[in-house]
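Residue numbers (this note's numbering): 626 to 739.
The beta-carbon is built from N, C-alpha and C at its ideal position, and this holds for glycine as well.
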């Protein structure tokens, strides 16, 4: 989303400070959510991961605009999409790390070599 976000923000005539703050929205919401979801990997199942992926898709529609969902071209909706992507991204990525590690462990020895 970042490569095209700057071009999209130009449409709203934001100052460079406002645009920089807009980029920080995702990072700040991601960091805040990371502090809250450290305990999730032991409680999440695969259905929860799929739900998080679906919510990430919804966040991308909000960051749109989405002509498919008839969402207006609004900086507020884009900001809401950034926040949702940050929060839901954590619930998608953090719990999936143990799954990823478990899936590749058989291919490596105890020293981390293949």
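beta-carbon residue i near the ligand SAH non-hydrogen atom, thresh 7 Å
i           : result
residue 717 : Annotation note on the ligand SAH: not contained in the displayed structure, which lists no ligands.
For residue j and residue i, the rounded distance between their alpha carbons
i           : j           : result
residue 715 : residue 662 : 7 Å
residue 706 : residue 671 : 24 Å
residue 696 : residue 730 : 44 Å
residue 638 : residue 646 : 14 Å
residue 659 : residue 651 : 12 Å
residue 641 : residue 692 : 27 Å
residue 728 : residue 630 : 34 Å
residue 644 : residue 636 : 11 Å
Residue i, DSSP secondary structure in three states
i           : result
residue 706 : helix
residue 635 : helix
residue 672 : helix
Where the alpha helix (DSSP H) through residue i begins and ends
i           : result
residue 661 : 641 to 661
message = Any contact between the region 723 to 736 and the region 683 to 692? By contact I mean 3 or more CB pairs, one from each, below 8 Å.
response = Not touching, per the Cβ criterion.
Sufficient close CB pairs (3 or more, under 8 Å) joining the region 728 to 739 to the region 697 to 715 = The region 728 to 739, when compared against the region 697 to 715, does not touch it at the 8 Å Cβ threshold.
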